[in-house]
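Student:
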Amino acid sequence: MSNDNKKIVLTCAQPTGKLHLGNYLGAVKNWVALLKDHECFFGIVDMHAITMPYVPADLRRSTLECAAQYIACGLDPKDCHIFIQSQVTGHAELAWILSCLTPVGQLQRMTQFKDKSNKQNESISSGLLYYPVLMAADILLYNTDIVPVGHDQKQHIELTRDLAEKFNSHYSETFKVPEAYIPKVGARIMSLQNPENKMSKSDPNQNGTLYLLDDPKILRKKIMSAVTDSGSEIVASEEKPGITNLLNILSVASNTTVKDLEKQFQGLGYADLKKAVADAVTKMFTPIRKKYNQLIADKNYLNEILKNGADAAQKKAYRTLSKVYRKSGYLERGK
Ligand code: AMP
Ligand code: TRP
């Protein structure tokens, strides 16, 4: 299928540093599955990253490291456009136009804004409040059909749809109204140390979080010391959150159903299950870690990928932005 007939998929992620098993199974793996049949744009949103207090040198480093990790996970630059948000002109410009259609009250009511602003003692930036409008611009700039996101971003996609419809009716038909795509499988990976909580990079107990770039010895150690449940049977059930989590991880990592795994592990002990999880996770992460090390050692190649991604994104972004500017009543440049 030529790119002209393919639906457009766009998703973005903040350059927050190290990716963990939850990010990989809950997000990145699902994006990779969409590459073949869609035209895919993948943005690393460094402009969103400055809505909270941050250190410029860290942002610079983590943006590049994030790009390398996503490529290593299978976002092959031959099959998608990977770009850095601040390298494409149009995101902030479209956000400005959209912000003039967005009531402040609607932004103040967004769940993520309330959560993030509650956690912050320092003064809250208006960038944090306007974050969802920038996100809407990220999406609408590319005539996106489908936006794969986690459940927590659903409200932001609804705002994006509202804004697209509002612009279309206020001016004239311009934007496609995008759909959120929230995959059901691979859902929630829990912490190995506290299986009631999601695996997360902000977990104070980092032994519960498996990072893609962790050394295999560390991965094994973290998995072998995972918290388990009372009893000795290997079954997925509500009373056994630790074992259920390990079974879920093994199920996705080895492409086997949980039911089949339960049969396979009948009569075996928790240590056998942990060993199988450690083998499967290290096997899954090893090629990713190798690819990452290659990419991060060759900055020229990495920068070239990002330049090509930004060029492709820019072409599309300019087209949308000039249409939007014309409809907004702005005079054409250079006339
Ligand atoms: P975050 O690291 O919270 O910014 O999340 C980035 C993406 O990874 C989002 O699409 C999340 O839904 C997904 N994700 C994060 N943690 C987990 C987890 N423990 N299990 C499954 N998916 C997750
Ligand atoms: N807000 C998203 C998150 O925190 C990141 C994001 C920014 C995004 N712009 C986007 C996701 C556009 C999808 C589409 O995860």
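Going by the numbering used here, 269 is the number at position 267 of the sequence shown; the sequence numbering is gapless.
Even for Gly, the Cβ is constructed at its ideal location relative to N, Cα and C.
(1) Within the present structure, is the beta-carbon of Cys-14 separated from the nearest heavy atom of ligand 2 by less than 6 Å?
(2) Hey, which residues come within less than 5 Å of ligand 1, measuring from Cβ to any heavy atom, in chain order?
(3) For a test of the three-state rule: what should DSSP assign to Tyr-56, helix, strand or coil?
(4) So, are the CB atoms of Cys-75 and Phe-44 less than 7 Å apart?
(5) Report whether the distance from the Cβ of Asp-1 to the nearest heavy atom of ligand 2 is below 6 Å.
(6) By DSSP, does Ile-290 sit in helix, in strand, or in coil?
(7) Three or more C-beta pairs under 8 Å: does that hold for the region 198–210 against the region 155–173?
(8) Please tell me whether Asn-120 and Met-192 are closer than 7 Å, where the distance is taken between their beta carbons.
(9) Which residue comes first and which comes last in the alpha helix (DSSP H) that contains His-93?
(10) Regarding His-50 and ligand 2, is the C-beta to nearest heavy atom distance less than 6 Å?
(11) Tell me which residue opens and which closes the alpha helix (DSSP H) that Pro-185 is part of.
(12) What does the Cβ neighbour count give for Trp-33, buried or exposed, with the cut at 16 atoms within 10 Å?
(13) Give a yes or no on contact between the region 129–146 and the region 52–59, applying the rule of three or more CB pairs nearer than 8 Å.
(14) Cα-Cα, which of Ser-232, Asp-281, Val-229 is closest to Ser-253?
(15) For the beta strand (DSSP E) that contains Ile-46, what are its first and last residues?
(16) Could you name the residues that DSSP lists as bridge partners for Met-49?
(17) Taking buried to mean at least 16 other C-beta atoms within 10 Å of its own C-beta, is Ile-220 buried or exposed?
Tutor: This is what the structure gives:
(1) Indexing the sequence shown from 1 puts residue 14 at position 12. Checking the Cβ of Cys-14 against ligand 2 gives yes.
(2) Going along the chain, the residues that qualify are Gly-24, Asn-25, Gly-28, Ala-29, Gly-152, Arg-190, Ile-191, Lys-200, Met-201.
(3) The residue labelled residue 56 in the question sits at position 54 within the sequence shown. DSSP places Tyr-56 in coil when its eight states are reduced to three.
(4) The residue given as residue 75 occupies position 73 in the sequence shown. The residue given as residue 44 occupies position 42 in the sequence shown. No, the Cβ-Cβ distance between Cys-75 and Phe-44 is not below 7 Å.
(5) With the chain running from 3 to 337 in the structure shown, residue 1 is simply not present.
(6) On the sequence shown, residue 290 is found 288 positions in, with the first residue counted as 1. Residue state, collapsed to three classes: helix.
(7) No: fewer than three Cβ pairs fall under 8 Å.
(8) Indexing the sequence shown from 1 puts residue 120 at position 118. Indexing the sequence shown from 1 puts residue 192 at position 190. By the CB criterion at 7 Å, Asn-120 and Met-192 fall outside the cutoff.
(9) Counting from 1 along the sequence shown, the entry for residue 93 is found at position 91. In this chain, the alpha helix (DSSP H) harbouring His-93 covers 93–101.
(10) Translated into the one-based positions of the sequence shown, residue 50 becomes position 48. Taken from the Cβ of His-50, at least one heavy atom of ligand 2 lies inside 6 Å.
(11) Against the sequence shown, residue 185 aligns to sequence position 183. Boundaries cannot be given for Pro-185, as no alpha helix (DSSP H) includes it and DSSP labels it neither H nor E.
(12) Residue mapping note: residue 33 aligns to position 31 of the sequence shown, counting from 1. Buried: at least 16 other Cβ atoms inside 10 Å.
(13) Contact holds: three or more Cβ-Cβ distances are below 8 Å.
(14) For the purposes of this step, residue 253 is taken as the residue at position 251 of the sequence shown. It is Asp-281 whose Cα lies nearest to the Cα of Ser-253.
(15) The count along the sequence shown starts at 1 and reaches residue 46 at position 44. Residues 40–46.
(16) Numbered from 1 along the sequence shown, position 47 holds the residue referred to as residue 49. Beta-bridge annotation (DSSP): Met-49 is not paired with any residue.
(17) As a working mapping, residue 220 is identified with position 218 in the sequence shown. Flag for Ile-220 reads exposed.
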